[in-house]
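Enquirer: To start, I am sharing the structure in question, which I have written as structure tokens.
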């Protein structure tokens, strides 16, 4: 079936604006992860959902970042009052469960804050 | 704190030559280790993983990696590189044993393949 889908693929916004990034995981995958990848760096963990609940949000950098997954499928990462330092590729990944199932990554959303 | 170090930011090899990408980790317990590959504009793809058992693990696309606890290393190897292997490679360790989705990644190594 289809892989992890992320939309939009690119997003340009002005400093101070609000943005939403969407992730559509593989059907049946209960675990969903958000990562952020800055230029020249490896991905950094942001938040993990098991079903509808955020099981671990320890990677969110501050309270401007928030994510939801209301029906246990699609997730939205929301960033308020964007700053230039938020510019990065935001990656979403899903897996069958919390255990040793492999992660399947989407192609990411490239966010540019001007 | 757990960490992953990939000492080589950029490596260039000739097509057909052998390849070794280095990875060192810092982790208190038995680590869950991974290698991912990322092609331009693409998501990360899992090459191989080590959880336990045989320290030499085989992956996709002809890659293998060897876990060496004494050296805290998990180096990736390929006997003969193909032009299509040019990409960015990331080593990662699971932050929590048993939850292999919460990963710490290294900075990555960019592989360039010369014809």
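Protein chains in written order, with the working numbering: chain A, 936 to 1049; chain B, 214 to 328.
C-beta: ideal position from N, C-alpha, C; glycine also.
#1: Report the residues of the stretch 310–326 of chain B with a CB closer than 8 angstroms to any CB of chain A, ordered along the chain.
#2: Have a look at 301/B, 309/B, 305/B, 319/B and flag the residue whose alpha-carbon is nearest the alpha-carbon of residue 326/B.
#3: Could you confirm whether any beta carbon from chain A is found closer than 9 angstroms to the beta carbon of residue 257/B?
#4: So, at 8 angstroms on beta carbons, what are the nonlocal neighbours of residue 226/B in its own chain, with the 5 sequence-adjacent residues on each side left out?
#5: Report yes or no: is there a C-beta of chain B within less than 9 angstroms of the C-beta of residue 968/A?
#6: Would you mind giving the Cβ-Cβ distance between residue 249/B and residue 303/B, rounded to the nearest angstrom? I have them listed as a contact below 8 angstroms.
#7: I want to verify the contact list: residues of chain B whose CB lies under 7 angstroms from the CB of residue 983/A, in sequence order.
#8: Anyone know if the C-beta pair for residue 314/B and residue 1030/A falls short of 9 angstroms?
#9: Distance, Cα to Cα, residue 1007/A vs residue 229/B?
#10: Quick one: complete beta strand (DSSP E) runs, 3+ long, within the stretch 998–1026 of chain A?
#11: Can you list, in chain order, the residues of the stretch 985–996 of chain A whose Cβ is nearer than 7 angstroms to any Cβ on chain B?
#12: Residue 986/A: which of 980/A, 998/A, 965/A sits nearest, CA to CA?
#13: Roughly how many angstroms lie between the CA atoms of residue 240/B and residue 991/A, to the nearest whole one?
#14: Who are the neighbours of residue 254/B on chain A, taking C-beta pairs under 8 angstroms?
#15: Along the chain, where does the beta strand (DSSP E) that runs through residue 942/A open and close?
#16: Below 9 angstroms between beta carbons is the criterion; list the residues of the stretch 971–982 of chain A that meet it against any residue of chain B, in chain order.
#17: When you compare each of 1042/A, 1002/A, 981/A to residue 318/B by their alpha carbons, which one comes out closest?
Expert: So, to answer that:
#1: Of all residues in the stretch 310–326 of chain B, only 311, 312, 313, 314, 315, 316, 317, 318, 319, 320, 321 place a beta-carbon less than 8 angstroms from a beta-carbon of chain A.
#2: Nearest C-alpha to residue 326/B among 301/B, 309/B, 305/B, 319/B: 301/B.
#3: Chain A, which has a Cβ nearer than 9 angstroms to the Cβ of residue 257/B, makes this yes.
#4: Within the same chain, residue 226/B has close Cβ partners 232, 294, 324, 325, 326, 327.
#5: Yes, contact with chain B.
#6: The Cβ separation is near 5 angstroms, so the contact holds.
#7: Within chain B, the residues near residue 983/A are 314, 315.
#8: Note that the C-beta distance between residue 314/B and residue 1030/A is below 9 angstroms.
#9: Using only the alpha carbons, I get a separation of about 46 angstroms.
#10: Here the runs fully enclosed are 1000–1003, 1010–1014.
#11: Those residues of the stretch 985–996 of chain A placed with their C-beta closer than 7 angstroms to a C-beta in chain B are 991, ordered along the chain.
#12: From the listed residues 980/A, 998/A, 965/A, the smallest Cα separation to residue 986/A is found for 965/A.
#13: Across the structure, residue 240/B and residue 991/A are spaced so that their CA atoms are roughly 20 angstroms apart.
#14: Under the 8 angstroms cutoff, chain A gives 1042.
#15: Residue 942/A -> beta strand (DSSP E) spans 940–942.
#16: Residues passing the 9 angstroms Cβ filter: 972, 975, 976, 977, 978, 979, 980.
#17: Comparing Cα positions, the closest option is 981/A.
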